[in-house]
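A short worksheet on the structure shown next.
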Amino acid sequence: MFALIDCNNFYASCERVFRPDLNGVPIVVLSNNDGCVIARSNEAKTLGIPMGAPAFQFEKLFMEHGVQVFSANFSLYGDMSHRVMSILGEYSPEIEIYSIDEAFLKLEGFDRYFNLQEYGEGMGKKVKKWTGIPISVGIAPTKALAKVANRIAKKFPKQTQGAYVIDSEEKRIKALKWLKIEDVWGIGRQHAKRLFAQKVSTAYDFTMLPDEWVKKHMSVIGLRLKHDLQGIPTLDLEEVQSKKSIATTRTFEEDYTELEQLSERISTFAFTCSEKLRKQGSCCKSLMVFVRSNIHKDNLPQYHRSIVIQMPFASNSGIELSNFALLALRQIFRHGYRYKKAGVIIQDFVPEGEEQLSLFDNRDLRHIPLMKAVDFINKTYGQQKVRLASQDLKRVWKMKQERLSPRYTTKLDDIITIQLH
DNA sequence: TCTGGGGTCCTAGGACCC
DNA sequence: TCTGGGGTCCTAGGACCC
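For the record, in the first sequence the residue sitting at position 330 is 754 according to my numbering, with numbers rising by one throughout.
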């Protein structure tokens with residue numbers, strides 16, 4: 425059996441933990457630059473605020489209904505996530521942290537010793553009591569079915585006490601007939617559309633399709649999903665492994681038209697990528713740079729281009745990565761467009777120290793101690809204290825975060841004070 | 001009229017997730 | 001005026017090899 429544990433409205437719930445006065449009040453959390461809605465409390469969902477809604481379009485509704493708006497506070501969410509995960513880790517030796525607010529547990533053989541319904545409810549009570557975060561628990565013979573069970577627990581918190589177990593063929597079929605196809609894990613917009621055309625409207629209908637059709641139109645991923653939903657365990661816990669790609673991308677506050685402006689940004693993105701890469705203890709062998717105009721302005725000429733550079737050697741030096749990224753940028757930059765977004769994505773990782781030396785070009789080994797020193801200084805004295813000259817030295821880039829809550833759990837100055845009467 | 005067969009590697013793009 | 005960011009996996013097709 426597998427359990428899927430999911431925090432309810434995670435970011436909104438984190439904001440509420442330290443603001444009990446916001447219980448029952450609609451809350452939304454915004455993306456970087458305060459751009460889109462990325463989390464909503466139940467009250468906000470009821471108001472009809474959609475996921476991904478551009479904030480500026482809903483200002484009026486926020487005002488009218490007293491919606492509490494927060495800028496994303498990832499230091500807080502990351503720390504709260506860590507707390508939740510460490511509690512969940514006590515419930516099974518095998519855990520896969522699937523995202524910041526979700527985890528799978530393997531409960532193989534647990535049904536012989538535990539009542540799984542009570543086991544799931546127990547997790548919910550402990551996590552709520554110890555962290556203040558409400559969760560939902562779904563338990564079933566496969567991962568995809570655990571996702572389905574979780575959905576039921578979340579949809580019917582009173583009847584299920586926040587935990588639902590699918591442990592019989594009868595319950596499996598009932599659950600699948602209840603679940604709309606577009607709500608199935610792994611079925612996105614495009615697949616849903618194609619499936620509607622096949623008269624598939626529930627998860628159950630999907631499991632009745634012939635394997636060949638699924639394979640042909642949804643690749644082996646779709647086929648695995650189908651089998652998992654049929655109760656045949658196909659997806660197993662994934663090993664925690666290091667990342668296969670690392671990205672730093674941003675939407676700009678204003679449009680850029682000049683190569684110099686983009687060069688500064690790309691250099692910074694490459695440098696940030698290199699910092700993440702060193703943290704993971706890897707070097708990369710290739711790097712992608714992309715630029716694009718504003719896709720929301722269809723009256724302007726559109727341009728979107730990316731280029732992959734194979735580096736002659738593996739490196740994690742911010743200087744070298746920045747240089748290669750700028751080389752790449754010069755190849756795809758065209759005058760006459762208004763650029764709104766750009767990014768650097770690095771890939772093809774090898775463990776640090778195991779890089780294959782090449783015949784002629786090799787990385788500058790002096791960068792290794794240099795980067796170590798840079799990382800140390802930036803860690804000790806604050807981000808971006810040491811930068812490349814190709815980055816903007818006058819300005820520290822900051823995104824729009826007008827409604828940021830305190831870092832209650834990760835910054836000493838922000839710890840709450842309690843007043844005794 | 002008619003043009004082999006079996007591979008690998010790389011890239012772009014699509015689809016999905018949170 | 002204003003519209004996020006960071007990931008994973010798969011497939012098709014082109015270029016190339018013998």
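Using N, Cα and C, we set each Cβ at its ideal position, and we do this for glycine too.
Would you grab the beta carbon distance between residue i and residue j for me? Rounded to a whole angstrom, and I think it's under 8 Å.
{"i": "F695", "j": "G767", "result": "Going by Cβ atoms, the distance from F695 to G767 rounds to 13 Å, so no, they are not a contact pair."}
{"i": "K824", "j": "D525", "result": "So it is not a contact: roughly 24 Å between Cβ atoms."}
{"i": "P558", "j": "S437", "result": "6 Å"}
{"i": "Y588", "j": "G562", "result": "6 Å"}
{"i": "L653", "j": "F630", "result": "7 Å"}
{"i": "I519", "j": "A671", "result": "In fact, because the Cβ distance is near 26 Å, the residues do not count as touching under 8 Å."}
{"i": "P657", "j": "G705", "result": "Their Cβ separation, rounded to whole angstroms, is 33 Å, which puts P657 and G705 out of contact at 8 Å."}
{"i": "K550", "j": "I511", "result": "6 Å"}
Specify the secondary structure class of residue i as computed by DSSP and reduced to three states.
{"i": "E545", "result": "helix"}
{"i": "D799", "result": "helix"}
{"i": "L619", "result": "helix"}
{"i": "R716", "result": "strand"}
{"i": "F757", "result": "coil"}
{"i": "V810", "result": "coil"}
{"i": "Y763", "result": "strand"}
{"i": "Q481", "result": "helix"}
{"i": "G562", "result": "strand"}
{"i": "M735", "result": "strand"}
{"i": "S523", "result": "strand"}
{"i": "F538", "result": "coil"}
{"i": "P450", "result": "coil"}
{"i": "Q685", "result": "helix"}
{"i": "E439", "result": "helix"}
State the Cα-Cα distance for the pair residue i and residue j, rounded to the nearest angstrom.
{"i": "A752", "j": "V732", "result": "8 Å"}
{"i": "E545", "j": "H641", "result": "39 Å"}
{"i": "L540", "j": "K571", "result": "16 Å"}
{"i": "E826", "j": "E439", "result": "15 Å"}
{"i": "S625", "j": "K579", "result": "19 Å"}
{"i": "R575", "j": "S741", "result": "45 Å"}
{"i": "L661", "j": "F757", "result": "43 Å"}
{"i": "A564", "j": "L529", "result": "11 Å"}
{"i": "Q583", "j": "A568", "result": "22 Å"}
{"i": "F800", "j": "R811", "result": "13 Å"}
{"i": "K595", "j": "G476", "result": "33 Å"}
{"i": "K598", "j": "K604", "result": "12 Å"}
{"i": "L781", "j": "A749", "result": "21 Å"}
{"i": "D430", "j": "A797", "result": "40 Å"}
{"i": "Y849", "j": "M425", "result": "Given a span of 425 to 845 for the chain in the structure shown, any question on residue 849 remains unanswerable."}
{"i": "G502", "j": "I842", "result": "24 Å"}
{"i": "G548", "j": "C697", "result": "37 Å"}
{"i": "Q755", "j": "L683", "result": "11 Å"}
{"i": "S666", "j": "L828", "result": "31 Å"}
Give a single yes or no on whether residue i has its beta carbon closer than 7 Å to a heavy atom of the ligand ZN.
{"i": "D772", "result": "With respect to the ligand ZN, the structure offers nothing, as it holds no ligand at all."}
Using alpha carbons as the reference points, say which of the options lies closest to residue i.
{"i": "K835", "options": "A577, F498 and I590", "result": "F498"}
{"i": "H720", "options": "F693, T675, P830 and G705", "result": "T675"}
{"i": "D772", "options": "M712, F538 and F580", "result": "M712"}
{"i": "L454", "options": "E662, I462 and L781", "result": "I462"}
{"i": "N466", "options": "E532, N457 and I451", "result": "I451"}
{"i": "S669", "options": "K650, E682 and L701", "result": "L701"}
{"i": "L659", "options": "Q685, R464, E636 and T566", "result": "T566"}
{"i": "H791", "options": "E744, S691 and Y805", "result": "E744"}
{"i": "K469", "options": "M487, N433, F494 and C460", "result": "N433"}
{"i": "A427", "options": "N786, Y543 and S730", "result": "Y543"}
{"i": "S717", "options": "Q481, S829 and Y761", "result": "Y761"}
{"i": "L789", "options": "F480, S560 and S739", "result": "S739"}
{"i": "D816", "options": "F693, C708 and H845", "result": "F693"}
{"i": "A813", "options": "R689, N786, K764 and D722", "result": "R689"}
{"i": "A527", "options": "G533, F620 and P517", "result": "P517"}
{"i": "Y763", "options": "G777, Y727 and M735", "result": "Y727"}
{"i": "C708", "options": "L724, P736, D722 and S691", "result": "P736"}
{"i": "M504", "options": "Y832, F620 and T673", "result": "Y832"}
{"i": "P581", "options": "F620, S560 and G448", "result": "S560"}
Take every Cβ of the segment 603-611, pair it with every Cβ of the segment 636-652, and state whether three or more of those distances are shorter than 8 Å.
yes
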